[in-house]
Amino acid sequence: MTPTDTRLQVMWNRLLAVVEEQGQALIRAAFSPIVRECGDISAGIFDLNGRMLAQAVTGTPGHINTMAEAVKTLRGRFPIQEMKPGDIYMTNDPWIASGHLNDFLLMMPVFYKGRVVGFTSCTSHLVDLGGQGMGPEGTDIYDEGLLIPPCRLMAAGALNTFLMEMVKANSREPVANEGDIYALIACCETGARRLADMMAEFGIDDLDRLADYIIDTSYRGTLEAIAELPQGRWHATLKVDGYEQEIELCAALTVSADRVEVDFTGTSGLSRKGINVPLNYATAYTVFALRCIIGPEIPNNAGSLAPFHVSGPENCILNARHPAPVAMRHTLGQMTPDLVYGCLSQALPGRVPAEGASCMYDLPLRHTPEAVARGGTQFALELVFSGGTGARPGLDGLSATAFPSGVWGSQVETTEAVAPVLITRRELRQDSGGAGRLRGGLGQWIEMRSATDEDVMLFLSVERVLNPARGRQGGGTGAAGRIRIGEDGADLPGKGEIRVPAGETLIFETPGGGGFGPAGERDRAQVLRDLAEGLISAEAARDIYGVEP
Numbered sequence: 001m002t003p004t005d006t007r008l009q010v011m012w013n014r015l016l017a018v019v020e021e022q023g024q025a026l027i028r029a030a031f032s033p034i035v036r037e038c039g040d041i042s043a044g045i046f047d048l049n050g051r052m053l054a055q056a057v058t059g060t061p062g063h064i065n066t067m068a069e070a071v072k073t074l075r076g077r078f079p080i081q082e083m084k085p086g087d088i089y090m091t092n093d094p095w096i097a098s099g100h101l102n103d104f105l106l107m108m109p110v111f112y113k114g115r116v117v118g119f120t121s122c123t124s125h126l127v128d129l130g131g132q133g134m135g136p137e138g139t140d141i142y143d144e145g146l147l148i149p150p151c152r153l154m155a156a157g158a159l160n161t162f163l164m165e166m167v168k169a170n171s172r173e174p175v176a177n178e179g180d181i182y183a184l185i186a187c188c189e190t191g192a193r194r195l196a197d198m199m200a201e202f203g204i205d206d207l208d209r210l211a212d213y214i215i216d217t218s219y220r221g222t223l224e225a226i227a228e229l230p231q232g233r234w235h236a237t238l239k240v241d242g243y244e245q246e247i248e249l250c251a252a253l254t255v256s257a258d259r260v261e262v263d264f265t266g267t268s269g270l271s272r273k274g275i276n277v278p279l280n281y282a283t284a285y286t287v288f289a290l291r292c293i294i295g296p297e298i299p300n301n302a303g304s305l306a307p308f309h310v311s312g313p314e315n316c317i318l319n320a321r322h323p324a325p326v327a328m329r330h331t332l333g334q335m336t337p338d339l340v341y342g343c344l345s346q347a348l349p350g351r352v353p354a355e356g357a358s359c360m361y362d363l364p365l366r367h368t369p370e371a372v373a374r375g376g377t378q379f380a381l382e383l384v385f386s387g388g389t390g391a392r393p394g395l396d397g398l399s400a401t402a403f404p405s406g407v408w409g410s411q412v413e414t415t416e417a418v419a420p421v422l423i424t425r426r427e428l429r430q431d432s433g434g435a436g437r438l439r440g441g442l443g444q445w446i447e448m449r450s451a452t453d454e455d456v457m458l459f460l461s462v463e464r465v466l467n468p469a470r471g472r473q474g475g476g477t478g479a480a481g482r483i484r485i486g487e488d489g490a491d492l493p494g495k496g497e498i499r500v501p502a503g504e505t506l507i508f509e510t511p512g513g514g515g516f517g518p519a520g521e522r523d524r525a526q527v528l529r530d531l532a533e534g535l536i537s538a539e540a541a542r543d544i545y546g547v548e549p
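The sequence shown runs 1 to 549 under full-length UniProt numbering.
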């Protein structure tokens, strides 16, 4: 490595530190628990051409990889010569930003020595933006809330107060929304300030040379990783629960010398309900899954993303077009890694994990329509409780862990502090991980109820209730998800609007991940350890693993 390359590498490392501070500023300042406690965000730094140079470690692929393309779009909408210091642009358009209306994406030009040298950007989830709320019941985008086209949120440092009042007027949580928008602004400003400080410290007037070094190095590294793969074309299908009926997701993976393509041809058409997925969001998770296997050590930026390409027929459920309802696009969008891994496991047998719970098991809750009229509390809250991941080629799956989203689980104390709900039980779900030489991760058992004498509305959109996670290479299937009201209550469907009566207990069981390899090959000591820790029952040890307790 030449002295020049060493200097550029040092600056690259500093850029990664800068963007991480940027992301932490958003988390520390946010009002909503799903941002502050769960890390449902993205933060990034971009060059003058809108190419992503660095992303914060904290964040979801759905936010990060859509942000990588959205900045290019916003950069093209607003002429650089008209930008002023203190300007910030924003949108929540699902087909530009992160796939549904609740995600606000901001972009701020970074000025240094009087001219624009790059951009900072970030995304986070606002808990409520009017409409029918965070549920799948809408029949078009207009049912789902307030859509804000690309616009100026800040002009030369002055807030667009009309836009802020508009957002607050269209929300059941106006104070939280206002606070979260200020947190997004602080995130952009922190990144811009630290980037300018870094440039001054290293004595550079622009990012051009550093940007080219980052992107070219990452691109070459990714091509080298692709060159190690077998070339060919592989197909896979994944049956998922859907809403009105079960849905078939289809993918064809093509690996060539310098390119990896995924095509969703054959995938089912749109749903009438809000589980449809814009292609930008499906692409974000598809590429993330591929990058977990192909060159995972290479930082995520415009260079390492460039060789991956995703397509699908217009208005298949993974390429929903305006005005399709998309509020719960993560339900199916986060299933795409399991779909892609079905292809990749054929190309790379033994290197790809089993299927997992995959989609977030989130619980959007809010007050009933009549509660506020009676003096009850108005609230909107989105909780996240993950299932288990699939067993990995060399390790057991992770229990109660979100993959591919990476969000952290909602905390009991925080939840009870901000909304009138009481969580009475939360524990790992015994025997829910798929059996195998390597066991699938366990799901969770959660019980909650209203903390007042008012009913609570629940908006369900989860998967793996009818189609649990499959094992890999002879591994067993993980336990399916299950939702009901009361121990003896009938099982509820995975999607729809549910009223939880006051005094009744909602029981929420998240799915387990699939196993890897035959259960009979699992080490006896590992079985006994699982038994001692309560992860499996004595019956499972004896009947599935052949180990007498």
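Note that beta-carbon positions come from the ideal geometry of N, C-alpha and C, so glycine has one too.
The structure displayed is predicted, hence computed values, not measured ones.
- In this structure, residue 225 lies away from residue 66, with their beta-carbon atoms at least 8 Å apart.
- Residue 55 carries a strand assignment under DSSP once its states are collapsed to helix, strand and coil.
- Residue pairing from DSSP places residue 235 in a beta bridge opposite 252.
- DSSP places residue 510 in the coil class of the three-state scheme, outside both helix and strand.
- DSSP places residue 27 in the helix class (H, G or I) of the three-state scheme.
- The shortest C-alpha to C-alpha distance from residue 426 to any of 248, 504 and 410 is the one to 410.
- Beyond the five residues adjoining it in sequence on each side, residue 307 comes within less than 8 Å, by CB distance, of 219, 222, 223, 226, 258, 259 and 260 in the same chain, given in chain order.
- Within the DSSP bridge table, the entry for residue 115 names 112 as partners.
- In the structure shown, the three-state DSSP call for residue 495 is strand.
- Between the region 102-110 and the region 71-80, the count of C-beta pairs closer than 8 Å reaches three or more; the two stretches touch.
- Contact between the region 466-481 and the region 401-420 is absent: fewer than 3 CB-CB pairs across the two stretches fall below 8 Å.
- DSSP places residue 67 in the uninterrupted alpha helix (DSSP H) bounded by 61-77.
- Taking a C-beta distance under 8 Å as the contact criterion, residue 23 and residue 58 qualify as a contact pair.
- Residue 122 carries a strand assignment under DSSP once its states are collapsed to helix, strand and coil.
- Taking residue 313 as the centre and dropping the five residues before and after it, the same chain places the C-beta of 264, 265, 267 and 319 closer than 8 Å to its C-beta, in chain order.
- Rounded to the nearest angstrom, the Cβ distance from residue 399 to residue 357 is 10 Å, too far for a contact under 8 Å.
- With contacts defined by Cβ atoms closer than 8 Å, residue 369 and residue 141 do not form a contacting pair.
- Residue pairing by DSSP leaves residue 544 without any beta bridge partner.
- Two segments are said to touch when three or more pairs of C-beta atoms, one from each, lie closer than 8 Å; by this definition the region 451-467 touches the region 234-251.
- Three or more beta-carbon pairs separated by less than 8 Å link the region 382-397 to the region 346-357, which places the two stretches in contact.
- Beta-carbon to beta-carbon, residue 384 and residue 88 are separated by about 28 Å, too far to satisfy the 8 Å threshold.
- The beta carbons of residue 407 and residue 103 sit no closer together than 8 Å.
- Annotation: the continuous beta strand (DSSP E) that includes residue 424 extends over 421-428.
- Inter-residue distance for residue 19 and residue 459 is about 34 Å (C-alpha atoms, whole angstroms).
- About 7 Å separates the beta carbon of residue 439 from that of residue 397, a gap short enough to meet the 8 Å contact definition.
- In this chain, residue 288 is not harboured by any beta strand (DSSP E); it is covered by the alpha helix (DSSP H) spanning 279-293.
- If you ignore the 5 residues before and after residue 180, its C-beta comes within less than 7 Å of the C-beta of 30, 31, 32, 35, 124 and 126, all in its own chain and listed in chain order.
- Considered as a whole, the region 305-342 harbours 330-333 as its complete alpha helix (DSSP H) runs of no fewer than 4 residues, in chain order.
- Looking at the DSSP output, residue 269 sits in a beta bridge with 316.
- For the options 467, 403, 532 and 547, the alpha carbon positioned closest to that of residue 247 is the one of 467.
- Per DSSP, reduced to three states, the secondary structure at residue 164 is helical.
- Residue 534 has its alpha-carbon roughly 37 Å from the corresponding atom of residue 64.
- Boundaries cannot be given for residue 2, as no alpha helix (DSSP H) includes it and DSSP labels it neither H nor E.
- Residue pairing by DSSP places residue 445 opposite 427 and 509 in a beta bridge.
- Counting along the chain, residue 152 sits inside the beta strand (DSSP E) bounded by residues 151-155.
- Burial is judged here by how many other beta carbons sit within 10 angstroms of a residue's own beta carbon; residue 198 has at least 16 and is buried.
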